[in-house]
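Everything on this sheet refers to the single structure shown next.
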Amino acid sequence: MRTAEAEHWKGSLADAATTEGFRKEIRELIDRTSEHGISPELLTRLGLQHGKPEWEAGAEVCRRYGKVLSSPAYADAFDPAGLINAAVRLLQDSPELLAAERERLQLIIIDDLQEAGASTFRLLRLIGAYVPVVAFANPDAAVQGFRGARPDRLREWTAAGQPGAMQPDAAAGLPGREASVLTLSTGYRLSPGLADIYARTVQRIGAVGPASLRRPRLAAADERVDVPASAVTAASGHVAEQALVAEILTRSDDAGVLFDQIAVIARSGAAAHHLGQVLRAHSIPVIQPMSELVLKQEPAVAPLLSILELVTADTLPFAQESDVPSFRVELESLIDLLGSRYGDTDPFKQRRLRQLLRQAERRRVQEAGASARDSDALLVEA
């Protein structure tokens, strides 16, 4: 299903509709509405009520997605974001099944609860009312926020009447014992050098959980191996990227620091991917998880796919050469291709190419008496 058709998105979203980031936001909208049980009809009413035409357009996308998912072709498919919410509704509508699950479970242990979404907290509160529940979490370690993780709900664990609370609530039919929180205050994972860097870094970041988690008491020296470490902070932008490259090369050449002892931390997967490309361009080896690489966006692949799409877009199977219409490339795509490794031109070469084309155009105008075309049109035609 195509979710980013520019003609479908009016107003403020029309220009963003064809971007990769917009498609990711649409995926997020579908997941969160499914997780919270917001139907397309409700989202449409909310859009009308609050004057948000973007919500109405998003509701139409959700409606199409639900229609496709419920079709016979996707009979074995399921929506992962709405799966836990569906389980909650099933248990709420089936008291016998809920009682059987509560009786079957003797102990519930959850790790990395900071990655749980709203529906997971609802399910945990529902089935954990009669049994001991032990959860481990570190709000600062949450990395699944783009998938609906709610580390802020951890603060509600001992609060009554809150969405993330595990306190008994007799009125709601949720008995149990008083919930409590135990803070593990001794750190074994970090060496003193890394712990110092960590402490200085997190001071500039807002805390979701208790501030005491950021000041762990280090274990005894004989239980840890100290590793010297240092950190350099760089802002975003081209100048910062070049400073980062220079810093890495300086530490490698002058201080003898091996490349595999250097870590570069970025604020997003897209930024990490971009920095990896920058470092590779300067012959700095990079180890990057394959899960973070999008093959079709790689510098060697993206322009090749564009070239193949251009030369095959208007071809007809088994057609004669004279029957195949000529293709036409958009100026923006052409400039991207010229700047790729297949075009092998930089802005200076492209400027020189435009000058040569204009010189040839002036000669044509003088000889044929035709009207002159600008360099953009000449570049596309060439």
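Each residue of the sequence shown is one higher than the last, beginning at 101 in the numbering used here.
Glycine residues also receive a C-beta, built at the ideal position from the N, C-alpha and C atoms.
Starting from residue i and walking both ways along the beta strand (DSSP E), at which residues does that stretch end?
i	result
residue 386	That residue, residue 386, is in no beta strand (DSSP E); it is neither H nor E in DSSP.
On the DSSP bridge assignment, give the partners of residue i in chain order.
i	result
residue 269	274
residue 233	208
residue 248	Paired residue(s): none; residue 248 is not in a bridge.
I think residue i touches residue j, with their Cβ atoms under 8 Å apart; what is that distance to the nearest whole Å?
i	j	result
residue 567	residue 184	Since the first residue of the chain shown is 101 and the last is 482, residue 567 is not available in this structure.
residue 345	residue 379	7 Å
residue 135	residue 218	6 Å
residue 454	residue 479	6 Å
residue 287	residue 295	6 Å
residue 258	residue 280	7 Å
Please name the residue, chosen from the options, that lies closest to residue i on a Cα-to-Cα basis.
i	options	result
residue 130	197, 263, 180 and 152	180
residue 274	186, 477 and 198	198
residue 407	440, 186, 256 and 387	440
residue 113	158, 145 and 191	158
residue 192	163, 224 and 177	224
residue 228	242, 201 and 244	201
residue 366	466, 284 and 375	375
residue 373	271, 358, 359 and 395	395
residue 449	435, 170, 381 and 226	435
residue 475	452, 294, 295 and 467	452
residue 234	245, 243, 241 and 254	254
residue 370	242, 362, 351 and 120	120
residue 206	115, 230, 189 and 261	230
residue 270	308, 305 and 226	226
Within the continuous alpha helix (DSSP H) that includes residue i, where are the two ends?
i	result
residue 187	180 to 193
residue 305	Counting along the chain, residue 305 falls outside any alpha helix (DSSP H), and DSSP gives it neither H nor E.
residue 165	153 to 169
residue 396	No alpha helix (DSSP H) contains residue 396, which DSSP labels as neither H nor E.
residue 291	First-last for residue 291: undefined, no H or E at that position.
residue 147	140 to 150
residue 130	120 to 135
residue 347	338 to 353
residue 224	218 to 227
residue 448	447 to 468
residue 377	369 to 381
residue 474	Careful: residue 474 lies outside any alpha helix (DSSP H) and carries neither H nor E.
residue 433	431 to 439
residue 215	Taken as a continuous stretch (DSSP letters only), residue 215 belongs to no alpha helix (DSSP H), as it is neither H nor E.
residue 410	402 to 412
message = With three or more C-beta pairs closer than 8 Å as the rule, is the stretch 208 to 218 touching the stretch 247 to 262?
response = Judged by pairs of C-beta atoms under 8 Å, the stretch 247 to 262 touches the stretch 208 to 218, as three or more such pairs exist.
key: Segment contact, 8 Å Cβ cut-off, at least three pairs: the stretch 160 to 179 with the stretch 135 to 152   = Verdict: yes, contact present.
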